[in-house]
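**Q** The sequence shown begins at 1 in the UniProt record's numbering and counts up by one. A virtual CB, placed ideally from N, CA and C, is assigned to each residue, including glycine. Given the structure is predicted, the values throughout are model-derived calculations rather than measurements.
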Amino acid sequence: MTRVLVVDDEPQIARALRINLAARGYDVLVAHTGRSALDLAADNRPDLVLLDLGLPDLDGVDVITGLRGWNPVPIIVLSAGTDSTRKVAALDAGADDYVTKPFGMDELLARLRAALRRSTHLPGGEPVVEAEAFTVDLTAKRVHRDGAEVHLTPTEWGILEILVRNPGHLIAQRRLLTEVWGPTYTAETHYLRVYLAQLRRKLERDPAHPRHLITEPGMGYRFQP
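1. Go through the region 86-139 residue by residue and report every complete run of the alpha helix (DSSP H) that reaches 4 residues or more, in order.
2. Please identify the residue among Ser79, Ala23, Gly66 whose C-alpha is closest to the C-alpha of Glu10.
3. Excluding the 5 residues preceding and the 5 following Pro56 in the sequence, name in chain order all residues of the same chain whose CB lies nearer than 7 Å to its CB.
4. Taking Leu192 as the reference, which of Thr155, Arg211, His169 has the closest Cα?
5. Considering Cα atoms alone, identify which of Ile162, Ala16, Thr135, Thr186 is closest to Pro102.
6. Can you tell me where the alpha helix (DSSP H) with His144 in it begins and where it stops?
7. Could you name each continuous beta strand (DSSP E) segment of 3 residues or more that falls completely within the region 160-187, going from the start of the chain to the end?
8. Could you name the residues of the same chain whose beta carbon sits closer than 7 Å to that of Gly66, not counting the 5 residues immediately before and after it, in chain order?
9. Quick one, which of Arg113, Ala208, Leu177 has its alpha-carbon nearest Gly94's?
10. Got a sec, what are the start and stop residues for the beta strand (DSSP E) Ala31 sits in?
11. Would Val194 be called buried (16 or more neighbouring beta carbons within 10 Å of its own) or exposed?
12. Return the Cβ separation of Ser215 and Leu203 in integer angstroms, given the expectation that the two are a contact with Cβ distance under 8 Å.
13. Using DSSP's beta-bridge definition, name the partner residues of Ser79.
14. So Leu21 is in the alpha helix (DSSP H); what residue range does that whole segment cover?
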C-alpha cells in the first residue's frame, strides 16, 4: 500500500485529504507541524509527501530541505499563496510539484499519481541503475565499475545518488548544493566542479569527455545512462 504523509495545519483540509486518499486505497499519515512531519517521515518512510508551506512552527521550505537531506521521497507543495518567489524557493529546495489552494481533488490526485510514476522511490525496494561504464545499487549504496567496487566519499555518493535518481533530467546547481551541503551553501558552485571532477575520474572511461555525468554550463548537471 502506498503511504502518503499529509502535512497541513488546517484540520479541515487535512481531514478531507485523509478521507479522500484513504478511500482510494492509500495509507495516510497526518502531521500538523513541520517538526512532527519530519519525525513521521523518519519513522515511517512515506512514498509521497503533500506539504503545506504555511506551517505554525517551521517554514515549509525548511521542511523540504530537512527531508531532502536524506530522503528522495516525492514532495508536492500545497499553498494558498500565489507568490512566485515562494514557489521558486520550494522547487529549488527539492519539491517535485506545486498546487495552489483551493484545488480540485481530481487534479491533486492526478498530480500525486504522476509524481509517484516519476519517482524511483518505490515501495519494496530501490532500483539498480546501470550505465555503460558503471552500476549504482541504490539499496546497498554501492557503485561498481568493471566488476570492482568503487569507493565513494559520502559527499560523492550524495551527488551521484541525486543525479542517478533523475536520469536524463537537469538538476540545478542550487538543488544539488542545498541537498548535499545545506541551504547556506547555494553560492558555492565551485564545490560541485571539484566533486564532479572526482566522480568522473572514478567512474567515466574518459573523464575529459564524460559520457554519463554531463555539465550544463551555468545551469547544473545531468546523468545520462
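**A** Let's see:
1. 105-118
2. Ser79
3. Asp9, Thr33
4. Thr155
5. Ala16
6. Careful: His144 lies outside any alpha helix (DSSP H), inside the beta strand (DSSP E) at 142-145.
7. 170-172
8. Leu38
9. Leu177
10. 27-31
11. exposed
12. The sequence shown places Thr at residue 215, not Ser. Incorrect: roughly 14 Å between the Cβ atoms, too far for contact.
13. Thr100
14. 11-23
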